[in-house]
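> Take a look at the following structure, please.
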Amino acid sequence: MKRCTAVCSGRARVGFGVQPRRWASHDRSRLTEKALLEQAESQLGLDVDGNRVRIDTDTKTVNTAVGQLPISPIMDPDWIRGGRREKKRAPGIISGQFRKKLSNNPFAMALLSPIRHCTNTETSLPRYFLQDFELVEHPMNEDEAWWAPGPLALDSVLPVYVPGPWSSTGQTDRKVIRERKAAISNIELRADKATIEADIAGRPVIAEPTVVTESAVAAEPTSKYELPTVPTVHEKRKQGAITIYILARKAVVETISKESASKASKSKPNTPIRNRFLFLRRGTATNALSTGSGIWRSDMHDFVLRQHRRCVVDALIYRADRSKRPDYRFMVKADTWDEAKTVDKKGCILWQSDKVDPIADSYATLDLDNAKFAEKMPVHNLTWLLGEEELQRLRESSETFRDNKIVVLKLWRSESMRKLHLLLWRLQGYQAEIKRGVEW
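Going by full-length UniProt numbering, the letters in the sequence shown line up with residues 1 to 440, in that order.
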């Protein structure tokens, strides 16, 4: 568990003799006996003969002009190592077929999300199963604050590619990428070695500039097929200062919207809802003036549904266009259900049905025979999931969905593909209906 020891420097604290502080971690290579000894000796300078003063770690002494003298504890490498925390090692390469599949399983990623609490239904679930709402300022009237859906569900569904230092156009062969990364790693390794040697010798470090010409970039080989660009920079939208969580079910959000509409005619609208939203929140942000005037849309349940549907259709159109390339085929057409079972790297089935049954479509799956890890595959009825308007836009924009009733969406090892599978499952759970008499 990550420790949170940051404190507010501008707030006076009374009754605390020892203030908490943030622990600094150090790399493992800088905590070795040789590295710590070099660091301690670098502070001693030179002797009368111009030689480096050396420390004897066995006898705990230092050689001086008057002879050997005991060293201070702050010069002892063992004492220095005891007061420093080693930086947590980076995760190694995932080994084993089960661990590889688990790391790319979108449903496992949903269960791994942090626990959050919904004050309206009094449920604590992983954050994936909750819808986040932020308190934002109205763009036309800064004095008004509105509740708006947060970015957690829709973030990284569409990949963002930016041209990197090894390609000006963003289109680079995989082999070239590996060679360039290896060359960059060697340059960084040599630079680190030169920095350490210069630090020991006591001279400044002069970095050699790296020049990349346009002719060198143009001379790079390209692949036979056009490959997706290389993701180098991906800026994610940050959460708002005031964020609340509600169970990601349309019926729950609709109940709040109806209550919000009934209270709109009173002098203090949304007071019961606002009190429940901020019941567990503490801090200066919740005491702001704009918090008390938070406005909840009366059609919030439909707005969230339209937003999710639009994002799903945009992602499917993007993936369907790139499925024409042999190297990156994200979708595979299938004529029958048995043919869909034979697709490699299958993730879920996108089905356009002529009939809509909200109860049956809420939890539709396809059983897979002789499967070692995934015995069931989700089936998403796009007619019910996306609605007529968005489904029509999907058919007009993509030839894959215009001529095929069954399409298999593959599960590639990428964050954006996992996010797309999670968004489809989330949208299906948001609209899910249950039979009467069944408890939640």
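Just so you know, even glycine gets a beta-carbon here, dropped at the ideal spot from N, CA and C.
Counting C-beta neighbours from all protein chains within 10 Å, is the total for Val356 16 or more, i.e. buried, or is it exposed?
exposed
> Report the rounded CA-to-CA distance for Thr400 versus Lys333, giving the unit in angstroms.
The alpha-carbon atoms of Thr400 and Lys333 are separated by roughly 7 angstroms.
> Could you tell me whether the Cβ atoms of His138 and Arg84 are closer together than 9 angstroms?
no
> Whole angstroms is fine: what's the gap from Glu144's alpha carbon to Lys372's?
When rounded, the separation of the alpha-carbon atoms in Glu144 and Lys372 is 55 angstroms.
> Would you decide whether Gly294 is buried or exposed? Buried here means 16 or more other CB atoms lie within 10 Å of its CB.
buried
> Under three-state DSSP, which class holds Leu424?
helix
> Would the beta-carbon of Leu305 fall within 9 angstroms of that of Gln352?
The Cβ atoms of Leu305 and Gln352 do not sit closer than 9 angstroms to each other.
> Does the beta-carbon distance from residue 519 to Arg89 come in below 9 angstroms?
Residue 519 lies beyond the stretch modelled for the chain, which goes from 1 to 440, so this question has no answer here.
> Taking Arg426 as the reference, give the member of Asp76, Val62 and Pro106 with the closest Cα.
Pro106
> In terms of residues, what are the limits of the alpha helix (DSSP H) holding Glu38?
Glu33 to Ser42
> Tell me whether Val407 is buried or exposed, calling it buried when 16 or more other Cβ atoms sit within 10 Å of its Cβ.
buried
> With the cut-off set at 9 angstroms, would you say Asn348 and Leu411 are in Cβ contact?
Here residue 348 turns out to be Cys, not Asn, going by the sequence shown. Closer than 9 angstroms, so yes.
> For my contact list, Val157 and Leu423 are in at a C-beta cut-off of 8 angstroms; report their separation, rounded to the angstrom.
Val157 to Leu423, Cβ: 6 angstroms. Contact.
> For the candidate residues Asp321, Met300 and Met377, whose alpha-carbon lies nearest to that of Arg395?
Asp321
> So, is Asn141 buried or exposed, given that buried needs 16 or more other C-beta atoms within 10 angstroms?
exposed
> If you draw a straight line from the alpha carbon of Leu385 to that of Ala110, how long is it in whole angstroms?
Cα to Cα, Leu385 sits roughly 20 angstroms from Ala110.
> Identify, in the order they occur along the chain, each residue of the same chain with its Cβ nearer than 8 angstroms to the Cβ of Glu433, setting aside the five sequence neighbours on each side.
Pro358, Ile359 and Ser362
> So, helix, strand or coil for Met109, using DSSP?
Helix at Met109.
> What are the uninterrupted segments assigned as beta strand (DSSP E) that are 3 or more residues long and contained completely in the segment 347-429, given in chain order?
As for any beta strand (DSSP E) of minimum length 3 sitting wholly inside the segment 347-429, the runs are 365-367, 376-381 and 406-410, ordered along the chain.
> For Thr119, does the three-state DSSP call read helix, strand or coil?
If DSSP states are grouped into helix, strand and coil, Thr119 belongs with coil.
> Which same chain residues, not among the five before or five after Glu375, have their C-beta less than 6 angstroms away from its C-beta?
Leu368
> At the 9 angstroms Cβ level, is Arg413 part of the contact set with chain B, yes or no?
The question asks about chain B, but that chain is absent: this structure has only one protein chain.
> How is Gly294 classed by DSSP in three states: helix, strand or coil?
Reduced to three states, the DSSP call for Gly294 is strand.
> In whole angstroms, what is the alpha-carbon distance linking Trp146 and Asp302?
Distance between the alpha carbons of Trp146 and Asp302 is about 16 angstroms.
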